[in-house]
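J.:
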Amino acid sequence: MVVEILFYAFAAVLVGAAVGLITSRNPVHSALFLVLAFFTSAAIWLMLDAEFLALLLVVVYVGAVMVLFLFVVMMLDINVEELRRGFTRYAPLGAVVAFIMVVEIINVVWVRKLGLELAQAAPPLPVDYSNTEALGRVLYTDYVYPFEIAAVILLVAIIAAIVLTMRHRPGLKIQNVASQVAVRRQDRVRVVPMESVRRPAQDERAAGEEGETP
Amino acid sequence: MTLADLNLQPTYAEIFVLGAACFILLLDLFLSERWRGLAATLSLATLVGAALITAFVSGVDVRVTAFNGMYVADPMGDLLKLFAYAAVGVSLLYSREYLAQRQLLRGEYYVLVLLALLGIMVIVSANSLLTIFLGIELMSLSLYALVAFNRESGVAAEAAMKYFVLGAIASGTLLYGISIVYGVTGTFSLDELAYVLRQGDVDNIGLLFGLAFIVVGVAFKFGAVPFHMWIPDVYHGAPTTVTLFLGSVPKIASFALAFRVLAYGLGGAQEAWTDMLTVLAVLSIVLGNVVAIAQTNIKRMLAYSTISHVGFILLGILAGTNEGYRAALYYTLVYVVMAVGSFGMILLLSRKGFEAEELDDFKGLNARSPWFAAVMLMFMFSTAGVPPFVGFFAKLYVIMAVIDQGMLWLAVVAVLFSVVGAFYYIRVVKLMYFDEPQDTSPLMAGASMRLVLSLNGLAVLVLGLMPGGLVDAVARALP
Amino acid sequence: MSPESTSLFSQLMAIWLATPEIVRITVLVVAVMLTVVIVVALLTLAERKVIGFMQLRIGPNRVNIPFIPIRGLGQPFADVIKLLMKEIILPARASRALFLTAPIISVTAAFATWAVIPFSPEFVLADINAGLLYVLALTSMGVYGIIIAGWATNSKYAFLGAMRAAAQMVSYEIAMGFALVGVLMAAGSLNLGEIVRAQSGGALAWNWFWLLPLVFVYFISGVAETNRAPFDVAEGESEIVAGFHVEYSGASFATLFALPEYANMILISALAPILFFGGWLSPFDGYLAADGALGLLAAPSFFWLAFKISIFLFIYLWLRATFPRYRYDQIMRLGWKVLIPVTLVWLVAEGVMAWFQVGPWAVTGGMQ
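Protein chains in written order, with the working numbering: chain A, 86 to 299; chain B, 50 to 528; chain C, 1075 to 1442.
1) Using a Cβ cut-off of 8 Å (strictly closer), state whether B/Thr180 contacts chain A.
2) What is the DSSP secondary structure of C/Thr1227, counted as helix, strand or coil?
3) What's the C-alpha gap between B/Phe294 and C/Arg1238?
4) So the candidates are B/Pro486, B/Thr370, B/Val451 and B/Thr289; which of them puts its Cα closest to the Cα of B/Leu397?
5) Put B/Glu63 into one of helix, strand or coil per three-state DSSP.
6) Give every residue of the same chain whose Cβ lies closer than 6 Å to the Cβ of C/Phe1252, excluding the five residues on either side of it in the sequence, and list them in chain order.
7) Determine the DSSP secondary structure at C/Asn1281, reduced to helix, strand or coil.
8) Determine whether the Cβ of C/Ile1099 lies closer than 8 Å to any Cβ atom of chain A.
9) Measure the Cβ-Cβ separation of B/Leu187 and B/Thr95 and say whether it is below 8 Å.
10) Using a Cβ-Cβ cutoff of less than 7 Å, which residues in the same chain neighbour C/Tyr1402 once the five nearest sequence positions on both sides are dropped?
11) Counting only Cβ pairs nearer than 7 Å, list the residues of chain C close to A/Thr217.
12) Under a three-way DSSP split, which group does B/Asn346 fall into?
13) Are any of the Cβ atoms in chain A nearer than 8 Å to that of C/Gln1155?
14) A/Tyr230 touches chain B at which residues, Cβ-Cβ below 7 Å?
15) Let's see if you can read the secondary structure: which residues bound the alpha helix (DSSP H) around B/Tyr446?
16) Taking 8 Å as the threshold (beta carbon to beta carbon), is B/Tyr353 in contact with chain A?
17) If you measure beta-carbon to beta-carbon, which residues of the region 146-162 of chain B are closer than 9 Å to chain A?
18) By alpha-carbon positions, which one of C/Tyr1336, C/Ile1096 and C/Pro1143 ends up nearest to C/Thr1118?
19) Apart from the five residues just before and just after B/Phe116, which ones in its own chain have a Cβ nearer than 6 Å to its Cβ?
20) Does DSSP put B/Val113 in a helix, a strand or coil?
21) Looking at B/Ile263 and B/Ile227, is the spacing between their C-beta atoms short of 8 Å?
22) Determine, using beta carbons only, whether B/Tyr373 and B/Asn505 come nearer to each other than 8 Å.
23) For C/Trp1280, count the other beta carbons within 10 Å of its own beta carbon; 16 or more makes it buried, fewer makes it exposed. Which is it?
24) To which residues of the same chain is A/Ile107 closer than 8 Å at the C-beta, ignoring the five residues directly before and after it?
25) If you follow the alpha helix (DSSP H) that C/Ala1337 is part of, which residue opens it and which one closes it?
26) Under the rule that 16 or more other beta-carbon atoms within 10 Å means buried, what is B/Ala219, buried or exposed?
27) If I'm right that C/Ala1249 touches C/Leu1349 with Cβ under 8 Å, what's the distance once you round it to whole angstroms?
28) Measure how close the beta-carbons of C/Gly1324 and C/Ile1162 come, nearest whole angstrom, since I'm counting them as under 8 Å.
29) Using three-state DSSP, classify A/Gly200 as helix, strand or coil.
30) Is the beta carbon of A/Val248 less than 8 Å from the beta carbon of B/Ala194?
31) Out of B/Val340, B/Leu224, B/Ala376 and B/Asp410, state which residue places its alpha-carbon closest to the alpha-carbon of B/Gly259.
32) Beta-carbon within less than 7 Å of C/Thr1300's beta-carbon, same chain only, minus the 5 sequence neighbours each way: which residues are those?
33) Please list the terminal residues of the continuous beta strand (DSSP E) segment that includes B/Val121.
34) Can you grab the Cα-Cα spacing for the pair B/Lys300 / A/Asp134, in whole Å?
35) Less than 8 Å between the beta carbons of A/Ala96 and A/Leu121, yes or no?
36) Mapping the DSSP letters down to three states, classify C/Asp1359 as helix, strand or coil.
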């Protein structure tokens, strides 16, 4: 009973957030609605005993990806009205796609009504079941090869991002702390030995002063 | 489960390449400007090491799987990998001076090339739709970065952007197809997929739907018409060394992709994909050969030529027989040799501050260097399919395989448009021998590049005069 | 204990057990929250007193509570009353809804984390499997309070503060996450109670000895995560006046800034003992006979945890009194180029230790 109420509450918030995401006029609001959608779907996953995936969704998407996303969106100051200008032109096409999808969904629901063995509830899990442990077990045994390749893909992404963005252009104001610390007196201060020269004009004045003093 | 259950021995080459790439990546951080070339040397050493491992340590005579059936090692895989090492090695040898002249000689370039090679190796040895997809992503991501490697060039950035966006769509399509096939059959494993499809039930509409998406993904990675839009722009925009790499080695992966997924995994649905591939092959041969005539930029011309060659490779695959697969494999390997050489010629003529990209830059090459004009002639004749060069035999085997399947009209179309295509290859020869040079400066390339390029050109001739060795190797690979 | 009081106690116990579960849970949650709030109030006083002591001042000493001989003890309560009675000012062009939501997000994230903290061997609100991940997830939620506050205010100072805070918290979360991975390698569990139990057996059996570099990484990241000195560039009162909370006043200021910040400080200080210093366990466990005269000292109890928490809180204040503020790029460099590599190296070192089965990986406990 409680579970059902919680599910419908979260689901309602999720759908509401999704609607807000696409209808909101301000991109920052849209991004925040997306955060809310992620969070509520994490909550729904949590109710399905998938605690590892749920928390990971929050840690990775809510905690890192969306923060950086917001970072960019807030800085850009996008004019939404301009982006939406072409909307009505493509509306008929969008309506057709939406119609097809609705028909498909109805079809799926209808197929379920026929009593076929589709999408039945999974058998109840044992009490000491740990989603984290179960995932870890298959990830590091059965699927270790794809897992490692995925890791290499992420490595490539890091290398590519750094290669394409980090250029040592001339005039870059970057500090090299090591060289700042390693600076020696000889590098900065130049001691210029100068002969002390008696200039004629000074001599005269000096002489005049001397002459006046007594 | 223990480490021994994974049966790591066949995968030593992949592990070695990955380890070496990481090592070079780290080492390069600590190298001063003077030692910049070390990464190139180490990369070549890596390729030699990997080749030794594949040939002597982890080479196999029969099909072996590893990593719980996610990885397969077989003679065909070994042959493709050895060819990939050689092609990458030769392309790196060609690239070094060009990169150094344009301030692009950085360790990351070599690391990305090695990781792209790793992706190709993963595809070649994939035995699961999951690893196929991950391999493609690994290769593509490295290539996107390589295309954009020259940050000073706006054309390169545009090419990379196009490649990235279209590539992402293609990956999405492929993944969608894979998910549908998984939904219908309940397995990622190509072994199980092949088994399930042999049990019948091929007429499943869902399966055909998924198959269509997979074919689209494969066609995009090949660059077959109508999924070829990216090829000319990317070949044109990328730094020539990257075009050289992009135009040659990934075709090995594309062949492996088509063979593993279509011919092996979805072999039961052959009737369905033969028709799809027929359309792709015919369009590619026609459009590639016709549009190439209109090009004045040699990189674009070779791009369209690639499209037409892809059509021939697809012809071999769509025959659906062992002879067809052998012919396609043979064609792929020969194409790699020719493509490496043709793009190598562009690099040979380029020098600091000058890209020999236009057809006019080849004018009067005979007067500047008779030997390299002859080498280019060999590449062009071979690519056009003129006997006795190796390109002729490649086309011959494919057409024979198609005729054996009773698809005579396909063979006629292929031959007809090969003749059309011969026009623009021979135009290059005409420019080299009968026109006055616009640019009379001597060739600047170093000794190693001259030597390797000469050997590359001779290979085209020798393989054509004595086709036996490579044909035997291909026959052993696909018994 | 006399027989009557025992029976009274057992009667109360019976009533307690007879109440519906939902009521019991609510009571416990409220109790934990109230405790945290009161500790926050006392911490603000302690901060002023400790820093005053370090700077040879007296600190607050006027508002006293009758019959308790600590001068200034009433100060935090006076402050609370003052803040609650002040007007909440809404800047004219602020995004109203978000401006008011930000404090709520901050305070919710700060309090929700306490659900999985084990206070004693018996008492934890929610004994869930993935407790450590839950903590990480909720600390990463906390950043939204700051970003939204900074953006909704529609002021460049606030916005700068929000940007700084976002970049800083995301960066340090990686270092902290890796430090926590080190802990879970040692404990073999994500459950905080299990992590404490895996450390049982005296001060030297605790994780800190084998994971010393991670202790430092964890605590430095913790200080950065809570945006405290010397990493308080998000607030940076001398450069961007007060950063993200420049326009907040009254109760909204208290809930956005004061309460979550101090609650998070306590949380980080509570996690440090749980992860590295044996949580509720006694340092003398195994050194003093349990049935001897000092047996009580060797027994695990909530007081050990409280004692350890106060030590770490003191370090927080000590840092604030000692160090000047880091420059923004220095913070980034410390996080990415020092702390993360240290954790990565130490994860490898832990792998080696696990291979040779030393420390927490000795054959009896931990991962096999």
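Note that CB positions come from ideal geometry on N, CA and C, so glycine has one too.
T.: On the basis of the supplied data:
1) What you label residue 180 of chain B is simply residue 131 of the second sequence in a count that begins at 1. Yes, B/Thr180 lies at the interface with chain A (some Cβ there is under 8 Å from its Cβ).
2) As a working note, residue 1227 of chain C is residue 153 in the third sequence. Correct three-state label for C/Thr1227: coil.
3) By one-based count along the second sequence, residue 294 of chain B stands at place 245. By one-based count along the third sequence, residue 1238 of chain C stands at place 164. C-alpha separation (whole angstroms): 42 Å.
4) For the purposes of this step, residue 397 of chain B is taken as residue 348 along the second sequence, with counting starting at 1. Among B/Pro486, B/Thr370, B/Val451 and B/Thr289, the Cα nearest to that of B/Leu397 is on B/Thr289.
5) Residue numbering aside, residue 63 of chain B sits at position 14 when the second sequence is read from its first letter. The answer is helix: DSSP assigns B/Glu63 an H, G or I state.
6) Start at 1 with the first residue of the third sequence, and residue 1252 of chain C comes out as number 178. Excluding positions up to five away in sequence, the list reads Thr1417.
7) Residue 1281 of chain C sits at position 207 when you count from the first residue of the third sequence. Residue state, collapsed to three classes: helix.
8) As a first step, residue 1099 of chain C must be located in the third sequence, where it is residue number 25. Chain A, which has no Cβ nearer than 8 Å to the Cβ of C/Ile1099, makes this no.
9) Here the question's residue 187 of chain B lines up with position 138 in the second sequence. Here the question's residue 95 of chain B lines up with position 46 in the second sequence. Going by C-beta atoms, B/Leu187 is not nearer than 8 Å to B/Thr95.
10) For this step, residue 1402 of chain C is matched to residue 328 along the third sequence. The residues are Arg1238 and Val1307.
11) Sequence index remark: in the first sequence, residue 217 of chain A carries index 132 (1-based). Those within 7 Å of A/Thr217 in chain C are Asn1203, Ala1204 and Leu1264.
12) Within the second sequence, numbered from 1, the residue matching residue 346 of chain B stands at position 297. The answer is strand: DSSP assigns B/Asn346 an E or B state.
13) Numbered from 1 along the third sequence, position 81 holds the residue referred to as residue 1155 of chain C. One detail in the question is off: residue 1155 of chain C reads as Ile in this sequence, not Gln. No, its Cβ sits nowhere closer than 8 Å to a Cβ of chain A.
14) The sequence position of residue 230 of chain A within the first sequence is 145, counting from 1. Near A/Tyr230 (Cβ distances below 7 Å), the residues of chain B are Phe116, Met119, Tyr120 and Thr180.
15) Your numbering for residue 446 of chain B matches position 397 in the second sequence. Start and end: Val439 to Asp453.
16) As a working mapping, residue 353 of chain B is identified with position 304 in the second sequence. Judged by the 8 Å Cβ criterion, B/Tyr353 is not in contact with chain A.
17) Arg155, Glu157, Tyr158, Val160 and Leu161
18) Residue 1118 of chain C sits at position 44 when you count from the first residue of the third sequence. Checked all of C/Tyr1336, C/Ile1096 and C/Pro1143; the closest Cα to C/Thr1118 is C/Tyr1336.
19) Locating residue 116 of chain B in the second sequence gives position 67, counting from the first residue. These residues qualify, in order along the chain: Leu55.
20) Residue 113 of chain B sits at position 64 when you count from the first residue of the second sequence. Reduced to three states, the DSSP call for B/Val113 is strand.
21) Locating residue 227 of chain B in the second sequence gives position 178, where the first residue counts as 1. Locating residue 263 of chain B in the second sequence gives position 214, where the first residue counts as 1. Contact flag set, yes.
22) If you number the second sequence from 1, residue 373 of chain B lands on position 324. If you number the second sequence from 1, residue 505 of chain B lands on position 456. The sequence as given places Gly at residue 373 of chain B; Tyr does not occur at that position. No, these two residues do not count as a Cβ contact at 8 Å.
23) Your numbering for residue 1280 of chain C matches position 206 in the third sequence. With 16 or more Cβ atoms within 10 Å of its Cβ, C/Trp1280 is classed as buried.
24) The count along the first sequence starts at 1 and reaches residue 107 of chain A at position 22. The answer, listed in chain order, is Ser115.
25) Here the question's residue 1337 of chain C lines up with position 263 in the third sequence. C/Ala1337 -> alpha helix (DSSP H) spans Leu1333 to Phe1350.
26) Position 170 of the second sequence, counted from the start, is the residue given in the question as residue 219 of chain B. By the neighbour-count rule (16 or more Cβ atoms within 10 Å), B/Ala219 is buried.
27) Numbered from its first residue, the third sequence carries residue 1249 of chain C at position 175. Numbered from its first residue, the third sequence carries residue 1349 of chain C at position 275. At roughly 14 Å, the Cβ-Cβ gap does not stay under 8 Å, so C/Ala1249 and C/Leu1349 are not in contact.
28) Translated into the one-based positions of the third sequence, residue 1324 of chain C becomes position 250. Translated into the one-based positions of the third sequence, residue 1162 of chain C becomes position 88. At roughly 5 Å, the Cβ-Cβ gap stays under 8 Å, so C/Gly1324 and C/Ile1162 are in contact.
29) For the purposes of this step, residue 200 of chain A is taken as the residue at position 115 of the first sequence. At A/Gly200, the pLDDT of 49 sits below 50, so the modelled position is not reliable and the matter cannot be decided from this model.
30) As a working mapping, residue 248 of chain A is identified with position 163 in the first sequence. As a working mapping, residue 194 of chain B is identified with position 145 in the second sequence. Yes. Within cutoff.
31) Here residue 259 of chain B refers to the residue found at position 210 of the second sequence. It is B/Leu224 whose Cα lies nearest to the Cα of B/Gly259.
32) Counting from one through the third sequence, the residue named residue 1300 of chain C turns up at place 226. Hits under 7 Å: Glu1335, Asn1338, Met1339 and Ile1342.
33) Here residue 121 of chain B is taken as the residue at index 72 of the second sequence, counted from 1. Tyr120 to Ala122 is the extent of the beta strand (DSSP E) around B/Val121.
34) Residue 300 of chain B sits at position 251 when you count from the first residue of the second sequence. Residue 134 of chain A sits at position 49 when you count from the first residue of the first sequence. If you take the alpha carbons of B/Lys300 and A/Asp134, they lie about 45 Å apart.
35) Residue mapping note: residue 96 of chain A aligns to position 11 of the first sequence, counting from 1. Residue mapping note: residue 121 of chain A aligns to position 36 of the first sequence, counting from 1. Going by C-beta atoms, A/Ala96 is not nearer than 8 Å to A/Leu121.
36) Against the third sequence, residue 1359 of chain C aligns to sequence position 285. Note: C/Asp1359 maps to strand in three-state DSSP.
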